[in-house]
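Visitor:
In my numbering, the protein residues as written are 132 to 464.
1) Evaluate the contact criterion for the region 404–418 versus the region 275–286: three or more CB pairs, one atom per stretch, below 8 Å.
2) Are the region 348–355 and the region 305–312 touching, with three or more C-beta to C-beta distances below 8 Å?
3) Enumerate in chain order the residues of its own chain whose CB-to-CB distance from residue 404 is below 6 Å, with the five nearest sequence positions on each side excluded.
4) Look at the Cβ atom of residue 343, then the Cβ atom of residue 319, and state whether they are nearer than 8 Å.
5) Assign residue 219 to one of three DSSP states: helix, strand, or coil.
6) How many Å lie between residue 228 and residue 200 at the Cα?
7) So, is residue 236 buried or exposed, given that buried needs 16 or more other C-beta atoms within 10 angstroms?
8) Using the C-alpha atoms, what's the distance from residue 335 back to residue 147?
9) Nearest CA to the CA of residue 296: which residue from 278, 280, 325, 304?
10) Buried or exposed for residue 175, please, with buried defined as at least 16 other CB atoms from any protein chain shown within 10 angstroms of its CB.
11) Determine, using beta carbons only, whether residue 165 and residue 145 come nearer to each other than 8 Å.
12) With DSSP collapsed to three states, give me the class of residue 207.
13) Specify the secondary structure class of residue 448 as computed by DSSP and reduced to three states.
14) For the beta strand (DSSP E) containing residue 369, list its first residue and its last residue.
15) Would you mind sorting residue 381 into buried or exposed? The rule is 16 or more other CB atoms within 10 Å of its CB.
16) Hey, quick one: how far does the beta strand (DSSP E) through residue 177 stretch, first residue to last?
17) Name the residue from 234, 254, 244 whose alpha carbon lies nearest to the alpha carbon of residue 266.
18) Could you tell me the boundaries of the beta strand (DSSP E) in which residue 184 lies?
19) Check whether the Cβ atoms of residue 365 and residue 315 lie closer than 8 Å to each other.
20) Just tell me which of 206, 185, 204, 205 has its CA closest to the CA of residue 218.
21) Any idea what DSSP makes of residue 403, helix, strand or coil?
22) Does DSSP put residue 133 in a helix, a strand or coil?
23) What is the residue span of the alpha helix (DSSP H) that residue 317 lies within?
24) Return the chain-ordered list of same chain residues with a C-beta closer than 6 Å to the C-beta of residue 192, the five sequence neighbours on each side being excluded.
25) Roughly how many whole angstroms lie between the Cα atoms of residue 384 and residue 172?
26) Over what stretch of residues does the alpha helix (DSSP H) that includes residue 299 continue unbroken?
27) Mind checking whether residue 428 and residue 328 have CB atoms under 8 Å apart?
28) Return helix, strand or coil for residue 334, following the three-state DSSP convention.
29) How would you call residue 136, buried or exposed, if buried means at least 16 neighbouring beta carbons within 10 angstroms?
30) Quick check on residue 259: buried or exposed, where buried means 16 or more other Cβ atoms within 10 Å of its Cβ?
31) What do you reckon, are the CB atoms on residue 399 and residue 369 nearer than 8 Å?
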């Protein structure tokens, strides 16, 4: 598997240099959001707003009114928890072309509750005029900048940073989910880092005789409910959602809503954080502890099908181990 180092940094700089109305805003997490090089090379296009996210959202709304397209860079939690009123009134309601680039989605950080955006999908998808996107590999990180900038309104993006695997050959396209496998037993729906976990499990499941249909989502709003229903109707046993987020309000809820509204009777198992905050730890540890990894998916498949697979951790594709802490700066939690 190819690993790409800091794919966001190069993609943003390349796009911004082609579009002079794009501005780079930071909330005092510049190197942690991989825009320190852009700051150094293009100081006239860079604005540091400090640790004042409410002001940054209002300021970005004003820039949007003036015809600019500001890209806001911070950890995801700081783009909606603290400045929620400003997000609604200054950005979403007037439909400003503001791009909210949220780093450290879900349990991709050991920083614990204060840094982990675990309810951002549920919050952001309820906001009128808001588009919500999520990256699952280096190719999607590289392509999300230009794709998000095509939206005539605000966009919230869950961004992966650091060393990111390349899983896909084609760029992210808004509204187009990826069909990664077309099995007929179980439908598995994933997004972000959970897609890599499902890929780890698929080979072992196939060897155990379980045929998996696997969908990868990168567009969480607008949500293609009709296509989800079509795929769910084509499998025998039911649906499993696996997400780096609370199951309440996230992808699990979105799929449940789609099935209910279509009147399609399919069993649904929702994997993700179950009404809990996550504590600090490495990503593999947290995903195992909270039932969000490849082995947890295998056990859910067994519950759904009523079939014991005999799969253990040794039968799965190797997990990718990442360093817990940055060697560069303490802020990089």
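We put the CB at the ideal spot given by N, CA and C, even for glycine.
Guide: Short version:
1) no
2) yes
3) 249, 377, 421
4) yes
5) helix
6) 6 Å
7) buried
8) 43 Å
9) 325
10) exposed
11) no
12) helix
13) coil
14) 369–377
15) buried
16) 177–179
17) 234
18) Looking at the DSSP string, residue 184 is not in any beta strand (DSSP E); the run it does join, the alpha helix (DSSP H), is 184–196.
19) yes
20) 185
21) strand
22) coil
23) Per DSSP, residue 317 belongs to no alpha helix (DSSP H); it is in the beta strand (DSSP E), 317–322.
24) 221, 222, 227
25) 43 Å
26) Element bounds for residue 299: n/a, residue is neither H nor E.
27) yes
28) helix
29) exposed
30) exposed
31) yes
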